[in-house]
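Chemist:
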Amino acid sequence: MPRSRARAPPKTTDEDEPRVRADALQPTLALAEAIYDQLDAGEIPRMRLPLRTKQNLSFQARDGVWKLGRQLGTRSARKLDGALMLLRTFYLVDFINEMARDKKTSTLRELYYISEAWEEAKFHSEDESNLLIEDLEVLCTRLREDFRLHPEENGASVIGDLTIRERNRKGIVKTINCRDDVGDGGYSLPFNVEKEKIEFVSTKAKFVIAIECGGMVDRLAENGFDEEHEAILLHLKGQPARSTRRFLRRVTEELKLPVVVFTDGDPWSFRIYASVAYGAIKTAHLSSYLATPSAEFLGVTASDIENYNLPSDHLSEQDIRALQAELTDPRFGTPDWRAEIELMLKNGKKAEQQSLAKYGLNYVTEHYLPEKLTEMGIL
Amino acid sequence: MAPPPTIAQQLAAKQREISVAEFFERNRQILGFDNPQRSLLTTVKEATDNGLDACEEAGILPEILVEISKEGEDRVHVSVEDNGPGILRKEIPNVFARLLYGSRFHSNRQARGQQGIGISAAVLYANLTTARPAKITSKVEEEEAAHVLDLFIDTQKNQPRVASEDVVLWDRPHGTKIELVLKARYVRGRQSPYEYLRGTAIVNPHARIVLVEPDGTRVTFERATEECPPIAKETLPHPYGLELGELGYHLKGTKRPTCVEFLTKDLQGVSPRAAKEVLVAANLKASTPPGSVQGEAQERLLTALRGVPLVAPSADGLSPIGAMLIKRGLRNVLGEVRPDFFAPPVSRPAKVRGGFPFMVEVGLVYGGALPADQPIQILRFANRVPLLFQQGACAITNAISNMDWRRYGLDQKSGSGLPSGPALLLVHVASTKIPFTSEAKEAIAEDPEIDRELTLALQGAARHLRTHLSRRTRRDLASEKFAIILKILPKLAEKTSHLVGKPIPDLIPVITRIMDVVNVETSVTSAAEGVRVPVEITNYTPRARVLELFVELPAELLAHATLEPAPDGTEAALGRAWWTLPKLAPSGRTHVELRFPPRTDAEANDFDWYVAGIDEAHLLGADPLPGDWEVRLPRTIVEAAEAAAEEARAPGAGEEEVDYDAAESSASAAEDD
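Listed in order, the protein sequences are those of chains A and B. At position 203 of the first sequence (counting the first as 1) the number is 203 in this note's numbering, and the numbers step up by one without a gap. At position 332 of the second sequence (counting the first as 1) the number is 332 in this note's numbering, and the numbers step up by one without a gap.
#1: Quick one, which residues of the segment 67 to 78 of chain A are near chain C if we go by CB-CB under 8 angstroms, in chain order?
#2: If we ignore side chains and look at the alpha-carbon of each, how far apart do V364 (chain A) and G155 (chain A) end up?
#3: Roughly how many angstroms separate the alpha carbons of Q71 (chain A) and G299 (chain A), rounded to a whole number?
#4: Indicate whether at least one CB of chain A lies closer than 9 angstroms to the CB of E480 (chain B).
#5: Against chain B, with Cβ distances strictly below 9 angstroms, would L49 (chain A) count as a contact?
#6: P344 (chain B): which of B:E564, B:G322, B:L279 sits nearest, CA to CA?
#7: Does Q159 (chain B) come out as helix, strand or coil in the three-state DSSP assignment?
#8: Would you kindly work out how many angstroms separate the C-alpha atoms of F207 (chain A) and E227 (chain A), rounded to a whole number?
#9: I need the DSSP call for R26 (chain A), collapsed to helix, strand or coil.
#10: Specify whether the segment 600 to 611 of chain B and the segment 555 to 567 of chain B touch according to this definition: at least 3 beta carbon pairs, one from each stretch, less than 8 angstroms apart.
#11: Apart from the five residues on each side of it in sequence, which residues of its chain come closer than 7 angstroms, Cβ to Cβ, to K122 (chain A)?
#12: Helix, strand or coil: which one does DSSP assign to Y359 (chain A)?
#13: So N127 (chain B) is in the alpha helix (DSSP H); what residue range does that whole segment cover?
#14: Apart from the five residues just before and just after T129 (chain B), which ones in its own chain have a Cβ nearer than 7 angstroms to its Cβ?
#15: When you compare only the Cα positions, how much space is there between A483 (chain B) and R331 (chain A)?
#16: Give the list of continuous beta strand (DSSP E) stretches no shorter than 3 residues that lie fully inside the segment 140 to 180 of chain A.
#17: Helix or strand or just coil, what does DSSP make of N130 (chain A)?
#18: Residues in the same chain with beta-carbon distance under 6 angstroms from I263 (chain B), minus the five sequence neighbours each way, listed in chain order, please.
#19: Taking the alpha-carbon of A280 (chain A) as reference, which of A:T53, A:A231, A:L49 has the nearest alpha-carbon?
#20: With 9 angstroms as the threshold, decide whether the Cβ of T473 (chain B) is near any Cβ in chain A.
#21: How do the segment 339 to 358 of chain B and the segment 377 to 390 of chain B stand: do at least 3 beta-carbon pairs fall below 8 angstroms, yes or no?
#22: Starting from E342 (chain A) and walking both ways along the beta strand (DSSP E), at which residues does that stretch end?
#23: If we define contact as Cβ-Cβ less than 9 angstroms, is L248 (chain A) a contact residue for chain B?
#24: Based on Cα-Cα distance, which residue from B:R208, B:P357, B:L310, B:T538 lies nearest to D316 (chain B)?
#25: How long is the line joining the alpha carbons of V168 (chain B) and A146 (chain B), rounded to whole angstroms?
#26: Along the segment 497 to 515 of chain B, what residues have a CB closer than 9 angstroms to any CB found in chain A?
#27: List the residues of chain A whose Cβ lies closer than 9 angstroms to the Cβ of L489 (chain B), in chain order.
#28: The beta strand (DSSP E) spanning G519 (chain B) covers which residue range?
#29: I378 (chain B) bridges to which residues according to DSSP?
#30: Can you list, in chain order, the residues of its chain with a C-beta nearer than 8 angstroms to that of A461 (chain B)? Leave out the 5 residues immediately preceding and following it.
#31: Could you check where the beta strand (DSSP E) with V385 (chain B) kicks off and where it finishes?
#32: Could you tell me which residues DSSP puts in a beta bridge with H314 (chain A)?
#33: Please say whether H468 (chain B) and V203 (chain B) have beta carbons closer to each other than 9 angstroms?
#34: Assuming S275 (chain A) and Q60 (chain A) are in contact, meaning their beta carbons sit under 8 angstroms apart, how far apart are those beta carbons, in whole angstroms?
#35: Can you list, in chain order, the residues of its chain whose CB lies under 7 angstroms from that of L132 (chain A), leaving out five sequence neighbours each side?
#36: Quickly, what does DSSP pair S125 (chain A) with across the bridge? List them, please.
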């Protein structure tokens, strides 16, 4: 079975780490200035941005994460798409400046609807607006929160013996134990998980297990896995949100807890792990802030499907294309990952984590996880 | 006492004439009566073809009315009426109720029917399946009334039997109507009478064809031209195409007194000198009476004829549709599809195979409501008759499949097989003798010479398609650029000016840099005062331009055109005119206009626009002047053209940068929050 890169959690350096700053407006105006000067000089307006493609990921040994490389792309008004994105950029900058003046914030979804009034510059999908915000983050080296833009509350839920102190909307500080003070749904992470919002108080847990599906989180909680093995359960909810990844990063950094990732056994789950551990392509500019390089992949691995004889599905054409794409993704460039991906391609099978229920409801907590965790040296 | 019968005599005693009914039964398939659906189509087809042939021979614009109605569970009543010259009373029984009777079998020219089986076979089929007679109504112009005959075929003797006869008044000057009741089934769709008549209407735009379907639906294919196609002349047989038996038939039947006269006057392509050479080679005297050339001498004569160079067979016997009528026919019938593009039809010059002339014509239509994700539609025609069956076995289909259509802008897996795309191909092969794969005449057989011509004609049409598609791509690119400069750029300037608190800058320099083209915009508008073709030339490049504009249009159109301003040169015979345009500053614009009398039949496709003084990459809506024009250009234009070419070659002209918004972003859309 593949082992992820086992590395000591690196310290983030201050200059690398974007923080919420009050001076977010100035760089946005500098962008407007640059375009204005080009227009005034009779030049075709353009901007240069680092390419956020897998080909432009570069491994930062110091941080143990994959960050944006040096390849630049040009967004130019010579092409319709480029011209539209430039125009959108300044509608967005205008909107950000307006919000700052009015002391308002907006959700990403609200921004998408705000753009209805931008005529031809309006966004056609939320993907488009999210991409542009990330572009602005890269160009201005600020976080979207600096631009008063935030996602809806879609953070992970946490169950386990972890006590935190959260400053809530009304400014009141609450101390919460994520096992004893919460309901069955666990503690739900807010979109802002920075220190000024959440402080870690104490924990008796020995490790964090980040889980793809809610059903599996419930199974572990019902079987008392967190208490028996002193674990913190974290529900990733598919591709984890930024706040989830930032939270994991802080847990490893500040509480020195190891993190294991437990997902389905399919190519998409490999990508979930990669974005947790190595950094996601779209947010590679924030990898040193969001990625948790010490996180290890637990399973379900391609060999688990064979070894545990799990009920499986055939790989779809899409799955096969995704696996082949991963073979050219530098984040999966290690011999372990290549072997894992090639094995899955060879067997042509994928399995859900809940397929372990084939052997009964307790099998996952009594056999599978203890075996795997022992093998990984965590138990 | 008579000697005992020989084996041959014994065999002869067993031999008897087979009845036409047996002949029909054995050949149902090749005659086109193997199932109820097909039997109806064949009947409609034979009757329609006869009607069209009759009209054409008489120089009458055809009106064909086909009415089909149900008569009981599996019976159909078919009536096909034409406005042809009519048939004399004494000929009616033989024409309709005797197999292998016809006037065209021995004539050497292109015609729809050839063997004289078709319509009688339909009559026989009706007689056999429903025991009902064929009712023929026919009137010739010279007579006051029409003859109406009920006919059966005597299947033992292959002779017509007139069951009843009448003379009636018919409110038409002339024409023929055949009515049959037969076991048949009406369907619409592929291989149906509807499809057949539609195809017929396309290649016979001079005909008006009406179909009344069993449910009362009336489909009318209006005529698209009032001109009859030229009548194919009857030509003499050419020796290269003669079989031995035919030669014997002609030698016996000729009225020429001598062989030399027979050779030079009854055959095609034999000059007196060639005749002499042939006779010497055949060891025959010039004065020999043709009737006395028999047996082995006939064979010698044929061999000699084939061994001597002769004048190639004449194409006079052919009746092509012609480029103009192919276009009209397609436009007329495909109107509801609204294609974007009708390629100028390709009509190849006549060629010869064996002793028979042939020619290939191709029409191509693209876009509109034609399905884009399916194989292209193919309309095959042989001597103006639609071929509906055996598409896969046809030389036309093979020629299409063997071409690499990807080069011309259609999809095609691995560069062979039927291409896909929103296209329709019309292919017509005309010949005094078409090599069919079988007597059913459903597909054209493979033949190297026909295949060569098919390929050349298809390539010609395909090149037009490629030009159209590349022009369209450039137009799309242009409309994208216009969207940038007209809608986006002004707003970008407004937004950034607002953010930095400065006045909006002059955008013309940026606009000309983005566009970097000279745009030639033309349109054709028709109004009561006349047809106008305004042309607007705009210099969207960052430099001043000196340009020469050229137009090429059909010479007969140019003859009726008023040009404004007056051109600096014309070549009336070639339909060409040109202007030296005033010097255009960046974003400068000038106009030219062509005006035609009201109702002139002109469309955008008729005009080809060319510009000199700038290279192709910086030209929109027009093409660079082709090299073969041989027009003497003014010095200023020559210099401008050289400068433009220099500019295009200059380093840094096409600075390569990665387009951020076209670069493949994250490996999966599902990644990230």
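By construction, the Cβ of each residue, glycine as well, lies at the ideal position given by its N, Cα and C atoms.
Modeler: Looking at the coordinates:
#1: The chain labelled as chain C is not found among the protein chains of the depicted structure, namely A and B.
#2: Position 364 of the first sequence, counting from 1, holds the residue named residue 364 (chain A). Position 155 of the first sequence, counting from 1, holds the residue named residue 155 (chain A). Roughly 25 angstroms between the two C-alpha positions.
#3: Within the first sequence, numbered from 1, the residue matching residue 71 (chain A) stands at position 71. Within the first sequence, numbered from 1, the residue matching residue 299 (chain A) stands at position 299. Those two C-alpha atoms are separated by around 34 angstroms.
#4: On the second sequence, position 480 is the one that residue 480 (chain B) refers to. True, the Cβ-Cβ gap to chain A drops below 9 angstroms.
#5: Walking along the first sequence from the start, residue 49 (chain A) turns up at place 49. Cβ-Cβ to chain B under 9 angstroms: yes for L49 (chain A).
#6: Along the second sequence, read from residue 1 onward, the residue named residue 344 (chain B) stands at position 344. The residue with the shortest Cα to Cα distance from P344 (chain B) is B:G322.
#7: Indexing the second sequence from 1 puts residue 159 (chain B) at position 159. Of the three classes helix, strand and coil, the one that applies to Q159 (chain B) here is strand, per DSSP.
#8: Translated into the one-based positions of the first sequence, residue 207 (chain A) becomes position 207. Translated into the one-based positions of the first sequence, residue 227 (chain A) becomes position 227. Each residue's Cα considered, the two are about 12 angstroms apart.
#9: Within the first sequence, the letter at position 26 stands for residue 26 (chain A). Note on identity: in this sequence residue 26 (chain A) is Gln, with Arg being the wrong assignment. Here Q26 (chain A) sits in helix by DSSP.
#10: yes
#11: For the purposes of this step, residue 122 (chain A) is identified with residue 122 of the first sequence, where counting begins at 1. Same-chain partners within the cutoff: S115, E116.
#12: As a working mapping, residue 359 (chain A) is identified with position 359 in the first sequence. Residue state, collapsed to three classes: helix.
#13: As a working mapping, residue 127 (chain B) is identified with position 127 in the second sequence. N127 (chain B) -> alpha helix (DSSP H) spans 118 to 130.
#14: Position 129 of the second sequence, counted from the first residue, corresponds to residue 129 (chain B). Hits under 7 angstroms: L182, K183.
#15: Residue mapping note: residue 483 (chain B) aligns to position 483 of the second sequence, counting from 1. Residue mapping note: residue 331 (chain A) aligns to position 331 of the first sequence, counting from 1. The alpha-carbon atoms of A483 (chain B) and R331 (chain A) are separated by roughly 40 angstroms.
#16: 157 to 159, 162 to 167, 173 to 177
#17: Along the first sequence, read from residue 1 onward, the residue named residue 130 (chain A) stands at position 130. DSSP places N130 (chain A) in helix when its eight states are reduced to three.
#18: For the purposes of this step, residue 263 (chain B) is identified with residue 263 of the second sequence, where counting begins at 1. Just to set this straight, residue 263 (chain B) is Leu in the shown sequence, not Ile. For L263 (chain B), where only same-chain residues beyond five positions count, the Cβ hits under 6 angstroms are V270, A275.
#19: For the purposes of this step, residue 280 (chain A) is taken as residue 280 along the first sequence, with counting starting at 1. Ranking A:T53, A:A231, A:L49 by Cα distance to A280 (chain A) puts A:T53 first.
#20: Along the second sequence, one-based indexing puts residue 473 (chain B) at 473. False, the Cβ-Cβ gap to chain A never drops below 9 angstroms.
#21: no
#22: As a position in the first sequence, residue 342 (chain A) is number 342, starting the count at 1. Per DSSP, E342 (chain A) belongs to no beta strand (DSSP E); it is in the alpha helix (DSSP H), 335 to 347.
#23: Counting from 1 along the first sequence, the entry for residue 248 (chain A) is found at position 248. It does not: the Cβ of L248 (chain A) has no partner Cβ on chain B nearer than 9 angstroms.
#24: By 1-based counting over the second sequence, the position of residue 316 (chain B) is 316. The shortest Cα separation from D316 (chain B) among B:R208, B:P357, B:L310, B:T538 belongs to B:P357.
#25: As a position in the second sequence, residue 168 (chain B) is number 168, starting the count at 1. As a position in the second sequence, residue 146 (chain B) is number 146, starting the count at 1. Roughly 5 angstroms between the two C-alpha positions.
#26: S497, H498, L499, V500, K502, I504, P505, D506, L507, I508, P509, V510, T512, R513, I514
#27: Start at 1 with the first residue of the second sequence, and residue 489 (chain B) comes out as number 489. Those within 9 angstroms of L489 (chain B) in chain A are L39, P45, A77, A83, L87.
#28: By 1-based counting over the second sequence, the position of residue 519 (chain B) is 519. The sequence shown places Asn at residue 519 (chain B), not Gly. Unbroken beta strand (DSSP E) run through N519 (chain B): 517 to 522.
#29: By one-based count along the second sequence, residue 378 (chain B) stands at place 378. DSSP lists B:L425 as partners of I378 (chain B).
#30: Residue 461 (chain B) sits at position 461 when you count from the first residue of the second sequence. Cβ neighbours of A461 (chain B) beyond the five flanking positions: A343, P345, V346, V362, G363, L364, L425.
#31: On the second sequence, position 385 is the one that residue 385 (chain B) refers to. Per DSSP, V385 (chain B) belongs to the beta strand (DSSP E) from 385 to 387.
#32: The count along the first sequence starts at 1 and reaches residue 314 (chain A) at position 314. H314 (chain A) pairs with A:K349.
#33: Counting from 1 along the second sequence, the entry for residue 203 (chain B) is found at position 203. Counting from 1 along the second sequence, the entry for residue 468 (chain B) is found at position 468. Going by C-beta atoms, V203 (chain B) is not nearer than 9 angstroms to H468 (chain B).
#34: Here residue 275 (chain A) is taken as the residue at index 275 of the first sequence, counted from 1. Here residue 60 (chain A) is taken as the residue at index 60 of the first sequence, counted from 1. Their Cβ separation, rounded to whole angstroms, is 16 angstroms, which puts S275 (chain A) and Q60 (chain A) out of contact at 8 angstroms.
#35: Along the first sequence, read from residue 1 onward, the residue named residue 132 (chain A) stands at position 132. Answer for L132 (chain A): M85, R88, T89, L92, listed in chain order.
#36: Translated into the one-based positions of the first sequence, residue 125 (chain A) becomes position 125. Paired residues: none, contrary to the question.
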